[in-house]
Structures are given as C-alpha cells and as structure tokens.
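Chains A and B are the protein sequences, given in the same order. When the letters of the first sequence are read in order and numbered with the numbering used here, they come out as residues 3 to 507. When the letters of the second sequence are read in order and numbered with the numbering used here, they come out as residues 131 to 476. We treat Cβ as the ideally placed atom computed from N, Cα and C, and that holds for glycine. Here the structure is a predicted model, which means the values were calculated and not measured. Structure first, then comments.
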Amino acid sequence: MTHPSDTGPAPVLALKGISKSFGAVRALRDVSLELFPGEVHALAGENGAGKSTLIKTLAGVHRPDTGQVLLDGAPVVFHGPGDARDAGIAVIYQEPTLFPDLSIAENIFMGRQPRKALGRIDHRATHDATAALMQRLGVDLDPDRPARGLSIADQQIVEIAKALSFDARVLIMDEPTAALTGSEVARLFGVVRTLREQGAAVLFISHRLEEIFEICQRVTTLRDGAWISSEPLDGMTEDDLVRRMVGRDLEELYPKQDVTPGEVALSVRRLTREGVFTDVSFDVRRGEIVGLAGLVGAGRTEVARAVFGVDRWDAGEVEVDGRRLTNGAPSTAMAAGLALVPEDRRAQGLVMDMSIERNIGLTGLRTTVKAGLMDRGAERSRSLDWAVKLQVKYARIADTVNTLSGGNQQKVVLAKWLATGPKVLIVDEPTRGIDVGTKAEVHRLLSQLAADGVAVLMISSDLPEILGMADRVLVMHEGRLAAEIPRTDATEETVMAAATGRAAA
Amino acid sequence: MTVAAPEEAPVAEAPKAGATRLVDRVFKMRELAILVVFLVMIAVTQAGNSEFLSEQGIKDLLLNATILVLVATGQSLVVITRNVDLSVGSTLGISAFAAGVYLQDGGNPVVAIALAVLLGIGFGLLNGLLVSLGQVPALVVTLGTMYIIRGIDSIWVGSRQITAADLPGGFVDFGSGGISAVPYLALIALAVLVATAYYLKHFGSGRELYALGSNPEAARLAGIPVRKRILAAYTFCGALAGLAGALYLARFGNVDSGTGNGYELTVVSAVVVGGVIFTGGSGSVYGAALGALLLTSVNSVLPALGVSSVWVLAINGILLILAIAVDRIVALRVALALKKRNARHA
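So, in structure tokens, the structure goes:
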C-alpha cells in the first residue's frame, strides 16, 4: 500500500492500517493514507465508503479500533478534537459547526482568545485578529456580527478563517464546496493554493470530480470502508476515478429523456415576498424538468418554500392544475398534488431518529388509515414498495434513517414524497453531498418521473446538473428572475452571466 | 501567509456594520426594556403613594430582591449552558437551616456562612455530576435532587424551627442593617453579580459556557471541556443557593423545613423574564438580576397601591409570558433583518 512518489519529504500525517467498527458496521477496514506538506490530497469514494469516519479519526473524534495515526512519523493517540487541533490539524466540516449566539470573532477564537493580564480575554485583539483574517480571505464579514443568520457560504468562510487562525499544518476539508457558488469556490481554491505553497498538507473531499482534478495532486480512493488506491492524478481521467470509486463503469450521469411538454401543471404569477424575492412568474408543464439556477442567496429556495406554502407570500398567486393555492398552507399544496423535497434533508426532510418505514409513511398519515387508526400493515407495504423502487440500501426497513448514508437518506426523502403521487415535484439541491453512483440514480429517477408526466422544478447549484437535466433553465439574481434560457441555449456562460447579473433578462 | 486580497474586498462595509449595530441594539434593549418597565412601575406607585420610596421603602425593595438576585445569578449560568437547576429552593432551605443550627450552638457567623456555601457546593457538585456524566436531561435530574434534598431537610429538621431569638444579635443586625438605604445583603449580592458578569464576559471559560449552550456539538468539536464546564456551572449555582440560604437566615431569622419550598420556579421565572434564553447560549446575569428585581417589586408595589396581593402570582405569570413573547418576536425580527442584509449582499 505504498504510493509511487515516496521520494519527497516525509508525511506530516499518516494513517497505517486503520480499522473502525460501529456495532456490526465496519466503517473502515485496514485503511492507510499519507499526507505530505505542500500537497492537496483528494479523498474519493461514494457516500458510505468511509470518508467521514476517516476524517473523524484524523480529527480525534473517533479512536481507531486498530492501526496507528502517525504525526511526523511518530505514533500519536488523539483523545479528543482538542488534541488533534493542538497537533495542527484543522477540519472544515461539511455542515459548519458554529455557535449561532456568539460573534464571528468569538466563533473563530473560542477556547484560544488572545489574553490580557490575569487571563482575561483581550476583546480588542480578538476583533482585530478576526478583521485581519477576513481581509486575508478577501471577505467583508463584520467580526462582531453574530453567526446566526449567516449563509452556508459565509459560515464556511468563518470555518476556514478558524483553521487559518491557528496556522494549521494539516487542513481537512470535508466537501467545502458543496454549498458554494462558482466565484466562492474560486476564492476558496485561491486560499487552498496559498496554504499549499506555504507547506500545508490539505486533504480535500468533494463529489465534484472536476474540482478534484483542478486542485489536487494525488487521490486516495475508498470503497465500502476499504482502501482501493493512492495515486497521482496526473494522467488519470474522470472515468478512471469513477471506476475506482464505484468499482464498475458508470452509466450516463445525466440520462435525460426527451419529452414533449404537456399542459401547464404549476403556474406562478408575480410572486413576491418582501425583502426576499420580487415579481417571480413562471410555468412548469407536465413532463418538463425546469432548472432553477442562481447563486446561493438569490432566493431560489425561498421561492420554492413560498410556492409550497411553508412561508407566506406577500403578493402574487400560485396555481396547480388551474387550482389556486392558499397562501401559507402546505396541506392544500399537498392536496393539490405538490411535493417539495427540501434542501437540508437532515433538518427538513427527515426525522432522523425514526425508522425508514415511518419516515416514508409520514406523507401517508391521512391515507393509510383504517377505521380512524393508522394501518401499520398498509404503511409498511407502502414504505417497502417505495424503498425497493428507489433501491434504498438498508439492513432492515425498521432501522432509523440516521444509520443510512447521505445518498440513501436522500432516496428516503424522495420516496416519502413520490409515495404521495405528486403532479408537481419541487426538488431543492437533490444531489448535494451525494456520491456519483446515487446521483446518476436520482437523475434517472427524475427523468423517468418527467416522462411519466410529472412536472419537475429542480433547484440546483451544480451547473452541469442543471445543464444536463433541465428542459429550460430559470436563473435568479438577487431575488428576481433574471433569465429564462431554453435547453439548446443553456451553457455555463449564459447561466452564470444571468446569475451574476451581467446579462440583461 | 498572505492571500492575495480579491477585488471585492472593501465592498458594502457600511450596511453589514449597520446590521450588527441593529442586533447589538436589540440585545442591549432587552435589558433596558426590563429596566424601563421596572422604573415605570416604581414611578406609578410613587405617584399613587408618596410613602413608597421612603428610605425604608427603598431598603425593603432591595432587601426583598437580594436573595432572588443571588440565586438567579447562579441559575443564569446553568441556563446559559442549556440546562436548569430545579433544586435551588431545596438547597437554600437546607443551607439556611444548617447555618442556623450552627449559630444556635454559639458558632461564628462567618463560619456559618461558609458552611452554607459549602453545603450548596456539595449539592451543586451532585447535580453537575449527574447531569454531565449521566447524560440525563437536567430538568428530570434536578427535579429528583430537589425532592431528595427537601426530603433530607424534612427528616433532619422535623418540626423544629429556628427563630431570630436563637441567633447572635450581630448576625440579625447584619441581615437588616445597611449604609443608609442600601442593605449590606444587597451589597453582597451586587458584588457577586458584578464579579459573575465580569467573569462571563472577560474569561475564556465564561465565554465557553455561552458556546456550549449555543451549540453543544460545536463546543465538543472546538475542544471545550463540556462536562467540566457544566459541572462548574452547577457548582457555582449551588454555592450561590447556599450563600442565599445563609443570607435568608440573616434577613428573616426564621427557618423551618418548608423554607425555600417552590422557590426554584420563582428563580427560573426571574431568569427568563430577565432575557436569559431557556434554550441556552444567550442572555446576561444583569438581565436575570433585573428580572429578579422586577418580580420581587411586584410584591411591594401591589400593597402600596392598595391592590390585594392575591394578584401577585398572576402578574408574575403575565410578565413571564410577556417576556417570552417579546423574545420570540425580537428573534424573528432580527433573523429577518439579517436575512435581508444577506440577500442583498450575497
């Protein structure tokens, strides 16, 4: 399991023969990894391959059952995240973990604030150091602002500033780009390159293959908890990498079927929510997949939430199959045949501690009823039916959904809504944080649904996904619809131009 | 390490700073609002009864608030960590009785106070250990210890009673004396309050209490010793409940097995009215102290205005619900304001 370029400097951090089990689940089996200074190393694998467990082992959250963690060649044992941090290892997690009530400055320096006499915190120095970090990152976040209400992109910036603040030698980035826009990704990569040039070792995780090829030098691939390969990216193709990750050839990632659109299923007219989005009008026809693109914070998710009735709108109207929807009433939206698969599956899409069966059953609480009582048998067969149709990978249908990988959780959310037999399906970031294999399955599913006559509105920050799947692309910019681009004219350039406000609508 | 500062660096500084100021103002306003309500209430009462703000009147107001302020200060620390301590009333009662028994036998008042504080620390440690190690919700654990401590108290005290006549004269004088209108006891409470507020703002471990209440998972990942901090918060809360017990004895001179019964709910009300958010991470001990002052003043205001004191509880309840409603509305407004700023500058 050595890698071919052993001639360089010694690894700053290494894992040797690491195994880790949770109960009966073997999350990691005999995995080895070496991180060198001045190198960005990609960690690739499908969801559930063991990437998260590996990161948590490096971060001192998990202790391996067997195997060693080597820091500068010497074995170390991390008793907690504090130990790993003191060793110069910084982790930027997929879901930023900030303190919402505290200021950005406090978030960055929590536990290691500059001190004055008698161990008192030097608030002034904390503020100034934070301002300096923000300047270095080229962002204008106020250090005294509370973290509550920050966009995911900004939260991510705070996390990166935190890592920079303790001059981390090893930076582990767990899908840092999943919620970032193009320009934010470019900014992040600028920072990563600088860190690399200064001799930091970076472990980079992303499901966007093009990013791996853009920023990384070497890649380690995991599959089902086992080490598959560690090799330079030079000379590799995306197909090579995918083959190592999934262990088979990947069918087409964007299996879009050509469909002739039918009558209008969803009609949104002059929808406005004050301060959030303004004068948004569009139609989605049966059989159509309409992509809704735009930068994070452009108001896409907010429009979807208002259409579904989670948030109230201030003006405008929404019709499904010609039926006007009531403002702020998800139950009438559901009754009219609307389904919304939300952006944040853990917080909004699933009840994490409930079983797969019950989660899928949630949308059927009014239909799977016998004599006024829940019909458990009907609920189970309905759930099983959909779990099988969507090929959810699980041990038992009664297992809680938090035991599933991200991709399978997303399938459960989809199953939950498809079980309602929707006429209009709104999916918000349907493949964020999902591995390539599952991504292709989700795409095929959406395409099949459209072919069956469902109107699909797909919000996505993943441009290739929008371009590959959508019949039409709607682009939002600062709360307004900036452009409507037919499939034939949609390119990365046209969409991004509209999203950044460079092109007139 | 220098990262080339990209083009957009200096854009839109002013509006963001504006958002921050708005948020700042709102949170400062929260304490200010209680103060205003308090002052208006006092002014109205004074207008209706000019005797109200006599020297003795002011002294009574402060004396009544003192003990609640102390216990609320301790409780705030626990609530900030997203926990609660329901056993403070029982701890106060048993500490007061222990100090009384010791003084009755001719003990030294300073030692008596130390004894009460130590007893409080003991019960605080017990609560802290159960909550931090047992991973059981604090509400349930401290409900249990509340009954246990009260039970021990009842068995030990039985039908005995300590009265002012059993206590050294100096101790009782200390309890009711003061510098003109300011009682000694209030000065002690004020000193504890200021020291605690200073600690929370200026010391790392103090800020960590806010951090772990705000997001426990993030606190763990940031390497904050979560259990140790929770243990410390409970111990401090217990210590203040013990101290409050000793001061209760000095103030009233009268302790039996029912002393402090039901007090925990008054304390929690004061803390919440004072703007310490029950879900942790936010609020100040000054707010809690103002909440305590407001709630205890209602007790004095109603009789002064000739209103029956049966209204006290109902009014306390209304204040509590009003406070929570205000917090909720303010939180929504602030979130919306921040979101709008974000939307415009994303």
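Cβ of residue i within 8 Å of Cβ of residue j?
i, j, result
"K425(A)", "I362(A)", "no"
"I354(B)", "A341(B)", "yes"
"A485(B)", "A202(B)", "Since the first residue shown for chain B is 131 and the last is 476, residue 485(B) is missing from the structure and cannot be characterised."
"V422(A)", "D355(A)", "Before going further, note that residue 422(A) is Thr rather than Val in the sequence given. Not closer than 8 Å, so no."
"I428(A)", "L448(A)", "no"
"P234(A)", "R246(A)", "no"
"A352(B)", "G121(A)", "no"
"G52(A)", "A86(A)", "no"
"I94(A)", "D156(A)", "no"
"L297(A)", "V172(A)", "no"
"A452(A)", "G289(A)", "yes"
"Y283(B)", "I243(B)", "Residue identity check: residue 283(B) is Asp in the sequence provided, not Tyr. No, they are not a contact pair."
"G293(A)", "M471(A)", "yes"
"A492(A)", "V475(A)", "yes"
"T365(B)", "L255(B)", "yes"
Between residue i and the rest of its own chain, which residues show a CB-CB distance below 8 Å, the 5 nearest in sequence each way excluded?
i, result
"T132(B)", "Note that T132(B) has pLDDT 40, beneath the 50 cutoff, so the model's placement of it is unreliable and no number is given."
"V438(A)", "E48, H209, L211, V244, M247, V248, L252, L255"
Between residue i and the rest of its own chain, which residues show a CB-CB distance below 6 Å, the 5 nearest in sequence each way excluded?
i, result
"P6(A)", "The predicted model places P6(A) with a pLDDT of 45, which falls under 50 and marks its position as unreliable, so this point remains unresolved."
"S206(B)", "V401, V406, V415, A418"
"A139(B)", "Annotation note: pLDDT 36 at A139(B) (below 50); position unreliable, no value reported."
"P432(A)", "V444"
"Q430(A)", "Note that residue 430(A) is Asp in the sequence shown, not Gln. Hits under 6 Å: T303, A306, P344, E345, I461."
"V141(A)", "I159"
"Q412(A)", "R347, I436"
Whose CA, out of the options, lies closest to the CA of residue i?
i, options, result
"E321(A)", "G301(A), V261(A), G366(A), R272(A)", "R272(A)"
"L406(A)", "S357(A), E443(A), G249(A)", "S357(A)"
"P83(A)", "M478(A), V266(A), A92(A)", "A92(A)"
"I28(A)", "D67(A), F38(A), I57(A), F206(A)", "The residue asked about is misnamed: residue 28(A) is Arg in this sequence, not Ile. When only C-alpha atoms are compared, the closest one is D67(A)."
"E199(A)", "S34(A), L211(A), I217(A), G184(A)", "I217(A)"
"N429(B)", "L193(B), V208(B), M159(B)", "L193(B)"
"M478(A)", "A295(A), A499(A), T490(A)", "A295(A)"
"R1(A)", "A311(B), V356(B), L317(B), G411(B)", "Because chain A here runs from 3 to 507, residue 1(A) falls outside it and cannot be looked at."
"R160(B)", "A467(B), I459(B), S184(B)", "I459(B)"
"W286(B)", "L169(B), S220(B), V322(B), D215(B)", "S220(B)"
"I292(B)", "L169(B), G343(B), Y378(B), N384(B)", "N384(B)"
"P239(B)", "L377(B), V356(B), L466(B), I172(B)", "L377(B)"
"F382(B)", "F304(B), P433(B), F366(B)", "F304(B)"
"E213(A)", "E495(A), G503(A), R489(A), P466(A)", "P466(A)"
Could you name the residues that DSSP lists as bridge partners for residue i?
i, result
"Q525(A)", "The first residue shown for chain A is 3 and the last is 507, placing residue 525(A) beyond what the model contains."
"M376(A)", "V371(A)"
"P98(A)", "None, per the DSSP bridge assignment."
"G503(A)", "DSSP lists no partner for G503(A)."
"R482(A)", "H479(A)"
"H43(A)", "L205(A), R220(A)"
"L268(A)", "V286(A), V322(A)"
"V292(A)", "L459(A), R474(A)"
"M175(A)", "I94(A), F206(A)"
"L340(A)", "V426(A)"
"R225(A)", "A228(A)"
"L191(B)", "Bridge partners of L191(B): none, in fact."
"T274(A)", "A317(A)"
"P488(A)", "R474(A)"
Only counting the same chain, and skipping five residues up and downstream in sequence, which positions put a Cβ closer than 7 Å to that of residue i?
i, result
"I230(A)", "T223, L224, R246"
"V271(B)", "N257, L260, V261, G264"
"A134(B)", "Note that A134(B) scores a pLDDT of 41, beneath 50, so its modelled location is shaky; the value from the coordinates is reported in the next line. Excluding sequence neighbours, A134(B) sits near nothing in its chain."
"V397(B)", "L198, V201, A202, Q205, V218"
"E185(B)", "S310, A311"
"V278(A)", "G301, E304, G481"
Using only the heavy atoms of the ligand ADP, determine whether one of them is closer than 7 Å to the beta carbon of residue i.
i, result
"A51(A)", "The ligand ADP is absent from the structure shown, which contains no ligand whatsoever."
Open item on the list: By the 8 Å beta-carbon criterion, what residues does the stretch 333-344 of chain B contribute toward chain A?
Closed with: F333, G334, R337, E338, Y340, A341, G343, S344
Task: Under 7 Å (Cβ pairs) to chain A, residues found in the stretch 409-422 of chain B - done: G411, S412
- [ ] Give, in chain order, every residue of the stretch 115-138 of chain A whose Cβ lies closer than 7 Å to some Cβ of chain B.
- [x] Q115, G121, R122, I123, Q137, R138
- [ ] Could you please tell me which residues of the stretch 72-90 of chain A, in chain order, have their CB closer than 9 Å to any CB of chain B?
- [x] G82, P83, G84, D85, A86, R87, D88
Task: Interfacial residues, the stretch 428-460 of chain A to chain B, with Cβ spacing under 8 Å - done: none
- [ ] With 8 Å as the limit, tell me which residues of the stretch 488-499 of chain A have their beta carbon closer than that to any beta carbon of chain B; keep them in chain order.
- [x] none
- [ ] Could you list the residues in the stretch 177-203 of chain A with a C-beta less than 8 Å from some C-beta on chain B, going in chain order?
- [x] R189, G192, V193, T196, L197, Q200
Task: Against chain B: residues of the stretch 94-114 of chain A by CB proximity under 7 Å - done: T99, L100, F101, P102, D103, L104, E108, M112, G113
TODO: Can you give me, in chain order, the residues of the stretch 347-358 of chain B that have a beta carbon less than 9 Å from any beta carbon in chain A?
DONE: E347, A348, A349, R350, L351, A352, G353, I354, P355
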